[in-house]
Amino acid sequence: MSVALTDIFAAAQVLRGQADATPLIPSALAPRLGGALWLKLETCQPIGAFKLRGAMSALATLPKTTPGVVCCSTGNHGRGVAYAAAARGLRAVICMSELVPQAKVDGIRALGAEVRIAGRSQDAAQRAAQALAATEGLVEISPFDDPQVIAGQGTIALEMLAARPALDTLLIPLSGGGLAAGMAVAARAISPNIRLIGVSMDRGAAMQASLQAGHPVEVTEVESLADSLGGGIGLQNRLSFPLCRDLLDAVVLVTEAEIYAAMQALYHEDRLIAEGASVVGIAALMAGKVAPSAQMGTVITGRNMDMAQFTKVISGQDIALGEITVKGQRYG
Ligand SMILES: *Cc1c(COP(=O)(O)O)cnc(C)c1O
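Under my numbering, the sequence shown has 152 at position 151, and the numbering climbs by one with no breaks.
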């Protein structure tokens with residue numbers, strides 16, 4: 002089982018008019034980055050994040066008799082599944098760890114889904130989701146290791162390359178790798194020479210650790226400005242790991258301070274409000290960790306962060322993240 006360009010075109014049909022056609026805008030940061038940077042604004046999705054694409058794509062294939070769906074989530078996948086389930090009149094149960102920000106938990110409840118908080122890691126939430134699938138007959142929807150989910154996320158690259166065929170680099174926020182895998186399948190097929198770079202935070206980057214080990218490994222999950230990028234890739238990973246391994250040119254890691262600076266830059270220059278996970282591509286460019294090219298693109302993946310923390314970042318205050326503190330710095 003894998004995912005091909007035809008699957009991504011099929012997903013695009015499912016999403017049409019519901020979770021597609023987000024804006025692709027030029028970043029005002031281009032002069033200081035050394036090349037044009039196009040921002041795909043998935044913050045404009047009805048749930049404020051791209052995960053609606055994968056969730057809708059996955060739920061569309063379920064039979065009408067399905068008793069309901071269950072998933073684990075760092076927040077946005079749960080929101081996507083909750084929204085897609087409500088649209089189909091299905092029961093949805095979302096399992097999350099204690100590390101998931103309250104704003105995301107509240108957003109999911111508001112969509113009518115049941116929420117279960119399980120343990121202090123995404124892996125614990127995953128075990129809870131698996132248990133519920135077994136005991137209550139619910140269908141489990143993986144946040145990243147599912148062919149329909151990967152195909153749904155891949156539609157982002159279809160839209161970007163249809164609008165800007167000259168894109169020569171894609172910087173893709175990377176956690177479980179559903180987004181990177183789907184976008185890479187589409188982009189490699191359409192533009193074989195395009196440079197594809199996954200970007201994660203440097204603490205608890207499960208895909209990078211797994212790629213280095215040559216197989217899926219567990220990492221310790223810690224608090225991050227990029228909370229949507231936390232969690233493992235699943236020791237039984239079947240799809241997103243091999244696709245990322247085979248299709249990405251590189252994975253780059255950025256520090257919390259670099260994420261902080263990129264959130265400030267996106268806000269003050271592009272006037273955009275986005276989660277830390279959304280700006281890791283910009284952070285990698287600003288830090289000089291990725292060589293610029295003429296036509297770069299990145300996905301502004303979501304906007305569902307805790308607003309108190311966001312306000313602190315853009316006004317230059319210190320941010321406490323568990324054991325570490327990101328030193329505040331005023332922008333400019
Ligand atoms: C899920 C998510 C990601 C990472 O996607 P993966 O498919 O897990 O790699 C990035 N940004 C945001 C906002 C997310 O919710």
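Ideal placement from N, C-alpha and C gives every residue a C-beta, glycine not left out. Just so you know, these numbers come straight off a predicted model, no measurement behind them.
Notebook entry, point to check: Nearest to residue 267 by CA position, among 117, 17, 13 and 34, is which residue?
Noted result: Out of 117, 17, 13 and 34, 34 has the C-alpha closest to the C-alpha of residue 267.
Using a 10 Å radius around the Cβ and a threshold of 16 neighbouring Cβ atoms, would you call residue 194 buried or exposed? Exposed.
For residue 302, is the beta carbon positioned less than 7 Å from some heavy atom of ligand 1? Taken from the Cβ of residue 302, at least one heavy atom of ligand 1 lies inside 7 Å.
field: Length of the line joining the Cα atoms of residue 21 and residue 46
entry: Those two C-alpha atoms are separated by around 8 Å.
Where does residue 102 fall in DSSP's three states?
The answer is coil: DSSP assigns residue 102 none of H, G, I, E or B.
Note to self: For the pair the region 181-196 and the region 217-232, tell me if three or more CB-CB distances fall below 8 Å.
What the structure shows: No, because fewer than three Cβ pairs between the region 181-196 and the region 217-232 fall closer than 8 Å, the two stretches do not touch.
Q.
Alpha carbons only, please: which of 85, 23, 309 and 9 is nearest the one belonging to residue 164?
A. It is 23 whose Cα lies nearest to the Cα of residue 164.
query: Helix, strand or coil for residue 63 per DSSP?
result: It is coil, neither helix nor strand.
Margin query: Helix, strand or coil, according to DSSP, for residue 174 in the structure here?
Written below: Residue 174: strand per DSSP, three-state reduction.
My assumption, with CB atoms under 8 Å, is that residue 150 sits in contact with residue 179. Please give the rounded CB distance. About 5 Å; that satisfies the 8 Å criterion.
Indicate the three-state DSSP secondary structure (helix, strand or coil) for residue 306 in the structure shown.
Residue 306 falls in the coil class under three-state DSSP.
### Query
Which residue spans inside the region 234-272 form an unbroken beta strand (DSSP E) run of at least 3?
Taking only runs of at least 3 residues, the beta strand (DSSP E) segments lying wholly in the region 234-272 are 251-255.
| query | Rounded to whole angstroms, how far is the Cβ of residue 283 from the Cβ of residue 30, which I believe are closer than 8 Å? | reply | That belief holds up - the Cβ atoms of residue 283 and residue 30 are roughly 7 Å apart, short of 8 Å.
Alpha-carbon spacing of residue 306 relative to residue 314, whole angstroms:
A straight line joining the alpha-carbon of residue 306 with that of residue 314 spans about 12 Å.
| request: State whether the region 243-250 contacts the region 196-211, with contact taken as three or more CB pairs (one from each stretch) at a distance under 8 Å. | output: Yes: the two stretches touch, three or more of their Cβ pairs being nearer than 8 Å.
Beta-carbon proximity check, residue 75 vs residue 231, cutoff 8 Å: Yes.
Inter-residue CB distance, residue 48 and residue 81 (contact presumed, cutoff 8 Å): Their Cβ separation, rounded to whole angstroms, is 6 Å, which keeps residue 48 and residue 81 in contact under 8 Å.
Helix or strand or just coil, what does DSSP make of residue 211? The answer is helix: DSSP assigns residue 211 an H, G or I state.
**Report entry** residue 297 - DSSP class collapsed to helix/strand/coil
**Finding:** It is a strand residue.
Next on the checklist: Three or more C-beta pairs under 8 Å: does that hold for the region 98-106 against the region 130-138?
Outcome noted: They do not touch, by the three-pair rule.
* **Status (buried if at least 16 other CB within 10 Å, exposed otherwise) for residue 331** => Exposed.
Open item on the list: Can you tell me which residues form a DSSP beta bridge with residue 7?
Closed with: DSSP lists no partner for residue 7.
Quiz item: In its own chain, which residues sit with a C-beta less than 6 Å from the C-beta of residue 1, not counting the 5 before and 5 after it?
Solution: Look at the range of the chain in this structure, 2 to 333, and you will see that residue 1 is not part of it.
- Query: Hey, does residue 253 have any beta-carbon neighbour from chain C nearer than 8 Å?
  - Reply: No chain C is part of this structure, which consists of one protein chain only.
Residue 179: CB within 7 Å of a non-hydrogen atom of ligand 1: Under cutoff, so the answer is yes.
Going by DSSP in three states, residue 32 sits in which element: helix, strand or coil? Three-state DSSP puts residue 32 in a helix.
### Message
Which complete beta strand (DSSP E) runs does the region 81-149 hold, if anything under 3 residues is left out?
### Response
The qualifying runs are 93-97 and 115-118.
Compute the minimum distance between the beta carbon of residue 211 and the heavy atoms of ligand 1, and state whether it is under 7 Å.
Using a cutoff of 7 Å, the CB of residue 211 does not count as near ligand 1, since none of the ligand's heavy atoms is closer than that.
- [ ] Over the uninterrupted alpha helix (DSSP H) stretch that includes residue 183, give me the two end residues.
- [x] Unbroken alpha helix (DSSP H) run through residue 183: 179-191.
Cβ atoms of residue 292 and residue 259: under 8 Å apart, would you say? No, the pair does not count as a contact, with Cβ atoms beyond the cut-off.
Reduced DSSP category for residue 41 - H, G, I as helix; E, B as strand; rest coil: Three-state DSSP puts residue 41 in a strand.
Spatial neighbours of residue 158 within its chain, please: CB distance less than 6 Å, with the 5 preceding and 5 following residues excluded, ordered by chain position.
Only 184, 187 and 188 meet the Cβ criterion.
Practice task
Kindly confirm or deny that the region 113-126 and the region 91-102 touch, where touching means at least three C-beta pairs closer than 8 Å.
Solution key: Judged by Cβ distances under 8 Å, the region 113-126 makes contact with the region 91-102, as three or more pairs qualify.
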